[in-house]
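Working notes for the structure below.
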Amino acid sequence: MKNKFTLSQMMNIRSENLHFLRFVASIFVIVGHAFVLCDSNYYEVVYWLTGKEITLGRLAVAFFFFASGLFIAKSIEKKNSFKEYFKARCIRIFPLLWIVIIITVVFGVFVSEKEVIEYYTNLDTGLYLLNCILILKHELPGVFQNNYYGPVVNGSLWTLPLEFLCYIVCFVCYHTGMMKPRVIRKTLPLCVISAVLGVLANKILHVSLIEDFLCLCIIFYIGMVYYVLRNEIEFSLKTLIALFFFFVITIIFNISWLGILMFFPYALSWLFFTERQIDKKYSFLGDYSYAMYLCAFPIQQLFIHLFGGNMNPYINIVLTIFVALLCAIVLIEGVEKRIINKSKRS
């Protein structure tokens, strides 16, 4: 990176790196969850290096939200009517979500402590279907009751209502003129204040969800800001190094979310659009990232159940990656691509 380049100039290429990094991020989520779901003395390497402040899962979700904000802001310029915009968003989120939820409900009976009739007639079984409309319900009757982490069936779903809320915010911002460069610049101080308040709320109230929810919304918005100000954001090695050191400092002072919000968007944008792009024969794996994200958590819990309620996290990771990728291939090739092709014809 000898010279400075603007994000606008860098975005002229197709990012194969982005697609491959989506796949890597979905694996990071599996790794992060494995160490939470399994009772052990093992520590995830990033969690250990950062003094138990950051997990691979946290980094992966931040990646997904930033990338989503950046490219949703780009796509809304072409699909900006209410119908076009939300049709595209819903096709992306809901078909695979519905299939994963229905399969989970149907086959949950095989690992439930309840009898078949009692399981299917239980109110909680029906309530679990509310996940289809992004109303979170984490438990199925009698399922995973003896697992170390407890009976949470699919803890990954908590980010989906938040992401859909961000889609709504993006749509509103576009149609109210807030995505104009002169306007969006004025919102940056509000982002900084909100991030600081989120971190302080976690430190004072010890409720990490406040920090996580707020900071994920902010990093989505930063993705929008990066796209809107793409002609003004310049990339240089000096800036990248400076932001990295700032990130390290925030880790030392246990305010890592602030570091993530500053360093990650800049570093990820460079990784997405650098001239050195990964070969297409590897980047296609990114097509399966969302499906892997949806089905990995229940698969991990299933393996833990089969191992008697606990297991080695590294074994869990290997088994889950293999099965989750297989399931994702079936879901994408057998379901999503057909739905997308059908929607294009309609």
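For reference, each letter of the sequence shown is one residue, going 47 to 392 in the numbering used here. C-beta atoms are modelled at their ideal positions from N, C-alpha and C, and glycine is treated no differently. Since we're looking at a predicted model, the values are computed, not measured.
Contained beta strand (DSSP E) runs [length at least 3] in the region 175-200, N- to C-terminal order: No beta strand (DSSP E) of 3 residues or more sits fully in the region 175-200.
DSSP-derived helix/strand/coil call for Thr52: In the structure shown, the three-state DSSP call for Thr52 is strand.
Straight-line Cα distance separating Val92 from Ile100: Distance between the alpha carbons of Ile100 and Val92 is about 7 Å.
Cβ-based neighbour list, Ile306, same chain, cut-off 6 Å, excluding 5 preceding and 5 following: The answer, listed in chain order, is Ala108.
The region 167-181 contacting the region 137-157, beta-carbon criterion three pairs below 8 Å: Yes, the region 167-181 touches the region 137-157.
Exposure of Val189, with buried meaning 16 or more beta-carbon neighbours within 10 Å: Under this definition Val189 is a buried residue.
Identified DSSP bridge partners for Ser158: DSSP lists Val189 as the beta-bridge partner residues of Ser158.
Beta-carbon proximity of Phe309 to Phe293, cut-off 8 Å: Yes.
The alpha helix (DSSP H) enclosing Thr205, as first and last residue numbers: Looking at the DSSP string, the run of the alpha helix (DSSP H) that includes Thr205 is Thr205 to His221.
The region 190-208 / the region 336-345 touching (three or more Cβ pairs under 8 Å): Judged by Cβ distances under 8 Å, the region 190-208 makes contact with the region 336-345, as three or more pairs qualify.
Alpha helix (DSSP H) segments (min. 4 residues) lying fully within the region 112-142: Segments of the alpha helix (DSSP H) lying fully in the region 112-142: there are none.
Gly244 burial status per 10 Å Cβ neighbour count (16 or more: buried): Buried, because 16 or more other Cβ atoms sit within 10 Å of the Cβ of Gly244.
Start and end residues, alpha helix (DSSP H) containing Val229: Its alpha helix (DSSP H) spans residues Pro227 to Ile230.
Beta-carbon proximity list for Thr52, same chain, < 8 Å, skipping 5 on both sides: Arg276, Asn277, Glu278, Ile279, Glu280 and Phe281, listed in sequence order.
Member of Tyr166, Ile375 and Phe128 whose CA lies at the smallest distance from the CA of Tyr220: Minimum Cα distance to Tyr220 is reached at Phe128.
Cβ pair Cys237, Ile214 closer than 8 Å: No; because the gap between Cβ atoms is not below 8 Å, this pair is not in contact.
Three-state class that DSSP yields for Phe281 in the structure shown: Phe281 sits in a strand when the DSSP states are folded into three classes.
Boundaries (first-last residue) of the alpha helix (DSSP H) holding Ile375: Pro359 to Leu377 is the extent of the alpha helix (DSSP H) around Ile375.
Residue span of the alpha helix (DSSP H) that contains Ser329, given as start and end: Element bounds for Ser329: Lys326 to Ser329.
Nearest-angstrom Cα separation, counted from Ala370 out to Glu130: The alpha-carbon atoms of Glu130 and Ala370 are separated by roughly 31 Å.
Limits of the alpha helix (DSSP H) - the one that Cys341 falls within: Looking at the DSSP string, the run of the alpha helix (DSSP H) that includes Cys341 is Ser335 to Leu352.
Reduced DSSP secondary structure (H/G/I, E/B, other) of Ile59: Ile59 falls in the coil class under three-state DSSP.
Cβ-Cβ distance between Leu182 and Phe210 below 8 Å: Cβ atoms of Leu182 and Phe210: not closer than 8 Å.
Run of the alpha helix (DSSP H) containing Met394, from where it starts to where it stops: Past the boundaries of the shown model lies residue 394; the chain is included only from 47 to 392, so the question cannot be answered.
Proximity of His184 and Val162 at Cβ, strictly below 8 Å: 8 Å or more divides the Cβ of His184 from the Cβ of Val162.
For Gly355, three-class secondary structure by DSSP: It is coil, neither helix nor strand.
Contacts around Ser240, its chain only, beta-carbon distance under 7 Å, and the 5 residues preceding and following it disregarded: Cβ within range, chain order: Leu260 and Ile264.
Cβ neighbours of Lys48 in the same chain (closer than 6 Å, five flanking residues each side left out): For Lys48, the predicted structure reports a pLDDT of 49, less than 50, and the residue's modelled location is therefore unreliable. The matter cannot be settled from this model.
Through-space distance from Lys284 to Leu304, alpha-carbon basis: Rounded to the nearest whole angstrom, the CA to CA distance from Leu304 to Lys284 is 20 Å.
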